[in-house]
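S.K.: Here it is: the structure, laid out below.
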Amino acid sequence: TIKELPSSATDSALIVSFAAGIRIKAIEDNLGGGSRVIRVMPNTPMVMGAGMSAVSLGSNATSIDQEWVKGFLAKAGEVVVVDEKLQDAVTATSGSGPAYFFAFTESIIKAAERLGISHQDATTLASQTLIGAALMVEKSGKELATLRENVTSPNGTTAAALNKTMTLLERVSSLRLVSLV
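When we follow the numbering used here, the leftmost residue of the sequence shown carries the number 9, and every step to the right adds one.
Here it is in structure tokens:
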């Protein structure tokens, strides 16, 4: 915990916090106010080198501190710098985000299995589709709605499936996910 840090470490050390929901000011106050603190919200895809981290600087952290932390985190994925007031939103978006994609992919796999596809093939189909779709989002330069519409033939099977799920997806997107964190 913060209280367990030796005071000698706080005088010159850069404190990098990965603790969700713990504000920089609380850490600074607990360590004496002069500490250099950076708050980070990473996500689990970092273990694959494809993570996402958001960094926020405390009042005493320097641009050199920021660049060092960004460089360290960049070895495991992408890094953005955000105002600390956005860290809870970052937690709900990318910190928790992998779980949302895992749950969605699980649902696709289960549906494929119900249609007779083996678990192994369903997993390959779903995971590669997720990877490919993510690359299209990242690299195509197109809006998500355009990408979705390009896959959706009028009155086709994709349109029928989307019609059944869009109401639920719209309800999910209207939630204040941060209030759940």
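The C-beta atom is built at its ideal place from N, Cα and C for all residues, glycine as well.
Might you give, ordered along the chain, the residues of its own chain that have their beta carbon closer than 6 Å to the beta carbon of residue 117, omitting 5 neighbours on each side?
M.R.: On the sequence shown, position 109 is the one that residue 117 refers to. Cβ within range, chain order: 130, 131 and 134.
S.K.: Identify the continuous beta strand (DSSP E) that holds residue 65 and give its terminal residues.
M.R.: Counting from 1 along the sequence shown, the entry for residue 65 is found at position 57. From DSSP, the beta strand (DSSP E) with residue 65 extends over 59-65.
S.K.: How is residue 189 classed by DSSP in three states: helix, strand or coil?
M.R.: In the sequence shown, the residue the question calls residue 189 occupies position 181. Confidence in residue 189 is poor, its pLDDT being 49 and thus under 50, which makes the residue's placement unreliable; the coordinate value appears in the next sentence. DSSP places residue 189 in coil when its eight states are reduced to three.
S.K.: Can you grab the Cα-Cα spacing for the pair residue 170 / residue 161, in whole Å?
M.R.: In the sequence shown, counting from the first residue as 1, residue 170 sits at position 162. In the sequence shown, counting from the first residue as 1, residue 161 sits at position 153. Going from the Cα of residue 170 to the Cα of residue 161 covers about 11 Å.
S.K.: Using alpha carbons as the reference points, say which of 45, 52 and 80 lies closest to residue 65.
M.R.: Along the sequence shown, read from residue 1 onward, the residue named residue 65 stands at position 57. It is 45 whose Cα lies nearest to the Cα of residue 65.
S.K.: Reducing DSSP to helix, strand and coil, say where residue 151 ends up.
M.R.: Here residue 151 is taken as the residue at index 143 of the sequence shown, counted from 1. Note: residue 151 maps to coil in three-state DSSP.
S.K.: Confirm, please, whether the CB-CB distance from residue 159 to residue 165 is below 7 Å.
M.R.: Numbered from 1 along the sequence shown, position 157 holds the residue referred to as residue 165. Numbered from 1 along the sequence shown, position 151 holds the residue referred to as residue 159. No, these two residues do not count as a Cβ contact at 7 Å.
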